[in-house]
Amino acid sequence: MPERRPFDVLSIGLNNTVIVGMKGGYEFRGVMVAYDIHMNIALEKAEQLINGEVKRGVGTILLRGDAVTYISPA
Amino acid sequence: MPERRPFDVLSIGLNNTVIVGMKGGYEFRGVMVAYDIHMNIALEKAEQLINGEVKRGVGTILLRGDAVTYISPA
Amino acid sequence: MPERRPFDVLSIGLNNTVIVGMKGGYEFRGVMVAYDIHMNIALEKAEQLINGEVKRGVGTILLRGDAVTYISPA
Amino acid sequence: MPERRPFDVLSIGLNNTVIVGMKGGYEFRGVMVAYDIHMNIALEKAEQLINGEVKRGVGTILLRGDAVTYISPA
Amino acid sequence: MPERRPFDVLSIGLNNTVIVGMKGGYEFRGVMVAYDIHMNIALEKAEQLINGEVKRGVGTILLRGDAVTYISPA
Amino acid sequence: MPERRPFDVLSIGLNNTVIVGMKGGYEFRGVMVAYDIHMNIALEKAEQLINGEVKRGVGTILLRGDAVTYISPA
Amino acid sequence: MPERRPFDVLSIGLNNTVIVGMKGGYEFRGVMVAYDIHMNIALEKAEQLINGEVKRGVGTILLRGDAVTYISPA
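Residue numbers (this note's numbering), protein chains in the order written: chain R, 1 to 74; chain S, 75 to 148; chain V, 149 to 222; chain C, 223 to 296; chain X, 297 to 370; chain G, 371 to 444; chain B, 445 to 518.
1) Between G169(V) and F176(V), what straight-line distance do the alpha-carbon atoms span, to the nearest angstrom?
2) When you compare only the Cα positions, how much space is there between I441(G) and I357(X)?
3) Report all residues from its chain with a CB closer than 7 Å to the CB of M315(X); omit the five preceding and five following residues, and keep chain order.
4) Going by alpha carbons, who is nearest to G274(C) out of V216(V), R204(V), L197(V), H186(V)?
5) Tell me the rounded alpha-carbon separation between I333(X) and P302(X).
6) Between N410(G), M409(G), M402(G), which lies nearest to A416(G) when the distance is taken from Cα to Cα?
7) Give the DSSP bridge partners of M113(S), in chain order.
8) Check each residue of the region 301-324 of chain X: if its Cβ is closer than 9 Å to any Cβ of chain C, include it; give the result in chain order.
9) Looking at the unbroken alpha helix (DSSP H) that takes in L84(S), where does it start and where does it end?
10) DSSP beta-bridge partners for T387(G)?
11) Using 10 angstroms around the beta-carbon of N385(G), count the other beta-carbons present and answer buried if the total reaches 16, otherwise exposed.
12) So, helix, strand or coil for V141(S), using DSSP?
13) Check whether the Cβ atoms of D436(G) and D452(B) lie closer than 9 Å to each other.
14) Please report the distance separating the alpha-carbon of M335(X) from that of R286(C).
15) Where does R449(B) sit, in a helix, a strand or coil, going by DSSP?
16) Between V68(R), G25(R), E3(R), which has its C-alpha nearest L43(R)'s C-alpha?
17) What does I431(G) reach in chain X if we use C-beta pairs closer than 8 Å?
18) Using a 10 Å radius around the Cβ and a threshold of 16 neighbouring Cβ atoms, would you call I198(V) buried or exposed?
19) According to DSSP, is K319(X) part of a helix, a strand, or is it coil?
20) Kindly indicate which three-state DSSP category G52(R) falls into: helix, strand or coil?
21) Counting C-beta neighbours from all protein chains within 10 Å, is the total for G87(S) 16 or more, i.e. buried, or is it exposed?
22) Give me the chain B residues within the contact set of N410(G), using Cβ-Cβ distance strictly less than 7 Å, ordered along the chain.
23) Does the beta carbon of G361(X) sit closer than 9 Å to a beta carbon anywhere in chain C?
24) If you run the structure through DSSP and keep just helix, strand and coil, what is A342(X)?
25) Looking at G321(X) and G246(C), is the spacing between their C-beta atoms short of 9 Å?
26) Under a CB-based cut-off of 9 Å, is A478(B) close to chain R?
27) What number of angstroms, rounded off, separates the C-alpha of Y479(B) from the C-alpha of L454(B)?
28) Using a Cβ-Cβ distance cut-off of 9 Å, determine whether G474(B) contacts chain G.
29) Looking only at C-alpha atoms, which of R226(C), I263(C), T239(C) sits nearest to R300(X)?
30) Does the beta carbon of I71(R) sit closer than 9 Å to a beta carbon anywhere in chain B?
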C-alpha cells in the first residue's frame, strides 16, 4: 500500500471549492464543509453543472456517497 | 475527519422544505418530517418535480434511501 | 435523529391504498396488506400504472424491496 | 410490523401459476415450484412474456432473486 | 418454505445443455459443468445468443453470478 | 454441489490468452497473469474489443471484478 | 490461486501515469499518487478523456472505487 491515501484529497478539499461528479453524468460545485467515510459530502454555496455549464444554484446540499463518482478540488 | 458531518444537513432540514433528488433524474419537494441513517426520508405536502417543474402533488411519501442521490434545503 | 421515523409512513399506509414507485419508472397502486424492513411490500386489488394511467389489474402482488423507490398513501 | 408478511404471497403462489417481473422489463409466467429467502424462484411450464405477449416457452427455469422485481399469482 | 429449492434446477442442469440469461439481454447456451452458491456458472461448448440467434461460439466460459438473470435447461 | 468449480476456468486460463466481457458490452483480450476471488483480473498484452473488433492496445490492465461479466479462454 | 495478484498492477502504476476507466464510459488519465483496497484512486495532473480525446484538465482528483472499471499504466 502507498503512503498517501486517496481520502487525502478530501482533507485537502475541506472548506475549499470542489467539483463532485455524480452518477447520471452531472456535477455539483461548491464549498465542501463535511464528508464521511462513505463519501457522503455536504456542500455550501453549491450549484449544479450540466456539461460544465451552471444549471442552477442549490445553496446547501448533501450528496449521497454511493451516487458520487469523483471529487476534485476546483 | 472534519468536525462537521454530512448528516448535519438533514438535521437542519428537518421540519423544513427540502428538495430530494432521485435516481432516474426526477425530484420530490416537501416538508421533511423524518429520516434515518439509510437516508430513507419521509416528506409531507410533497410534490414531484421533473426538470424543476411541478408534475403532481403526492401528499405524504416515503423515499427509499438507496434511490436518493441528494437532499437540499429549499 | 428525529422523533418520527420514515417507516411510520408504512404503518399509516397499512390496509390502505398506496402508490408504490418502482425502478424503471412505473408504479403499482393497491391496498398494502404487508411490508417488512427490506421494504418488500404486498398489495391486494393492485393495478399497474404507467405515466399515471392504469395499464392493467394484477390482483395480489409482492414487490421486491430493492426495486421500490417510493411509497405514498393514495 | 404488520401481522401479515410480504412473503405470504409466495407461500400462496406455491404450486400455482405466477407472473414474475424481471429487471429489464420482461416477465416469466409459470408454475412456481420453489423459492427461497433471496427470492430465487423456480418455475415449470414457463414462458417468457414481453409486453404481456408470449414470446417463447422455456420449460423449467431458475430466476435469480436480485433480477426479480415482483411476483403475482396469475 | 417449500420442500423443493430453486437451486434444484442447477443440479438437474449439471452436465446438460442450459441457456443462461445475462444482464444486458443476451444469453449463453452450453453444457453446464460447474456452478456455485453465487450462481457463478461454467459452460463448455458454449455459444452466445442474441435475440435467440447464435452470434458466435465461445468454447469454455465462466459467467459471473451477479451478471446472471436466469438459467434454464435447454 | 458439483465436483468441478466455476473458478477452475480461471486456473485453466492463467498465463493464457482470455477474453473478458465487461458491463457496458465491450471486451478485453490478453494474457491473464493474475486473478483473485473477487474476479479482479490482470491482463498483459491486452487490447480492447468492441463488437469483436480490436479498438486499441492497452498493454497491462487491471479489470475490476464487479465490472466483469464473463471470462473465456481464447 | 496464482502467485501474482491483480493489485500488483496498482503498485506498479503508483507515481506513474495511468488511465482509469469509469462506469459511464469516460476515462481519466493522470499520475496515480494513492489507491486503497476499495480501488479508490487519487490522480494528480489529471485530465478527463471521452472517446480517447482530452475533454478538460482536472488537476487533482479522487475517483470512487465502485465507479472504476479498469486501470492501465499508460
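Cβ atoms here follow ideal geometry from the backbone N, Cα and C, with glycine treated the same way.
Concretely, from the data shown:
1) Within the third sequence, the letter at position 21 stands for residue 169(V). Within the third sequence, the letter at position 28 stands for residue 176(V). About 7 Å.
2) Locating residue 441(G) in the sixth sequence gives position 71, counting from the first residue. Locating residue 357(X) in the fifth sequence gives position 61, counting from the first residue. Answer to the nearest angstrom: the Cα atoms are 6 Å apart.
3) Start at 1 with the first residue of the fifth sequence, and residue 315(X) comes out as number 19. The residue you asked about is not Met; residue 315(X) is Ile in the sequence shown. Result list for I315(X): E323, R325, S368, A370, in chain order.
4) To locate residue 274(C), count along the fourth sequence from 1; it is residue 52. Nearest option by C-alpha distance: R204(V).
5) Taking the fifth sequence and counting its residues from 1, one reaches residue 333(X) at position 37. Taking the fifth sequence and counting its residues from 1, one reaches residue 302(X) at position 6. Rounded to whole angstroms, I333(X) to P302(X) spans 11 Å at the Cα level.
6) Residue mapping note: residue 416(G) aligns to position 46 of the sixth sequence, counting from 1. A check of alpha carbon separations from A416(G) across N410(G), M409(G), M402(G) identifies M402(G) as the nearest.
7) Along the second sequence, read from residue 1 onward, the residue named residue 113(S) stands at position 39. According to DSSP, M113(S) shares a beta bridge with no other residue.
8) Identification of residues in the region 301-324 of chain X having a C-beta nearer than 9 Å to some C-beta of chain C yields R301, P302, F303, D304, V305, L306, I308, G309, I315, G317, K319, G320, G321, given in sequence order.
9) On the second sequence, residue 84(S) is found 10 positions in, with the first residue counted as 1. That run of the alpha helix (DSSP H) goes 82-87.
10) For the purposes of this step, residue 387(G) is taken as the residue at position 17 of the sixth sequence. In DSSP, T387(G) forms a bridge with V401(G).
11) Working through the sixth sequence from its first residue, we reach residue 385(G) at position 15. Residue burial annotation: N385(G) is exposed, with fewer than 16 other C-beta atoms found within 10 angstroms of its C-beta.
12) The residue labelled residue 141(S) in the question sits at position 67 within the second sequence. Looking at the sequence itself, residue 141(S) is Ala, so the reference to Val does not match. DSSP, read as helix, strand or coil, puts A141(S) in helix.
13) For this step, residue 436(G) is matched to residue 66 along the sixth sequence. For this step, residue 452(B) is matched to residue 8 along the seventh sequence. Not closer than 9 Å, so no.
14) One-based indexing of the fifth sequence puts residue 335(X) at position 39. One-based indexing of the fourth sequence puts residue 286(C) at position 64. Note on geometry: alpha-carbon atoms of M335(X) and R286(C) lie some 8 Å from one another.
15) Counted from its first residue, the seventh sequence places residue 449(B) at position 5. If DSSP states are grouped into helix, strand and coil, R449(B) belongs with coil.
16) Position 43 of the first sequence, counted from the start, is the residue given in the question as residue 43(R). V68(R) is the residue among V68(R), G25(R), E3(R) whose C-alpha sits nearest the C-alpha of L43(R).
17) For the purposes of this step, residue 431(G) is taken as residue 61 along the sixth sequence, with counting starting at 1. Those within 8 Å of I431(G) in chain X number zero; the least Cβ separation is about 18 Å.
18) Taking the first residue of the third sequence as position 1, residue 198(V) is located at position 50. Label assigned to I198(V): exposed.
19) By 1-based counting over the fifth sequence, the position of residue 319(X) is 23. Reduced to three states, the DSSP call for K319(X) is coil.
20) By 1-based counting over the first sequence, the position of residue 52(R) is 52. In this structure, G52(R) counts as coil in the three-state DSSP scheme.
21) Taking the first residue of the second sequence as position 1, residue 87(S) is located at position 13. A residue is called buried when at least 16 other Cβ atoms come within 10 angstroms of its Cβ; G87(S) meets this threshold and is buried.
22) Locating residue 410(G) in the sixth sequence gives position 40, counting from the first residue. For the C-beta of N410(G), the chain B residues within less than 7 Å are, from N- to C-terminus, P450.
23) Against the fifth sequence, residue 361(X) aligns to sequence position 65. For G361(X), the nearest beta carbon of chain C is closer than 9 Å to its own beta carbon.
24) As a position in the fifth sequence, residue 342(X) is number 46, starting the count at 1. In the structure shown, A342(X) sits in a strand (DSSP, three-state: E or B).
25) As a position in the fourth sequence, residue 246(C) is number 24, starting the count at 1. As a position in the fifth sequence, residue 321(X) is number 25, starting the count at 1. Between G246(C) and G321(X), the C-beta spacing is below 9 Å.
26) For the purposes of this step, residue 478(B) is taken as the residue at position 34 of the seventh sequence. By this cut-off, A478(B) is an interface position.
27) Counted from its first residue, the seventh sequence places residue 479(B) at position 35. Counted from its first residue, the seventh sequence places residue 454(B) at position 10. Our two residues, Y479(B) and L454(B), have alpha carbons roughly 8 Å apart in a direct line.
28) The residue you call residue 474(B) lines up with position 30 of the seventh sequence. With 9 Å as the cut-off, G474(B) does not count as an interface residue toward chain G.
29) Start at 1 with the first residue of the fifth sequence, and residue 300(X) comes out as number 4. R300(X) has its Cα closest to that of I263(C), out of R226(C), I263(C), T239(C).
30) Here residue 71(R) corresponds to residue number 71 of the first sequence, with the count starting at 1. Chain B contact via Cβ: present.
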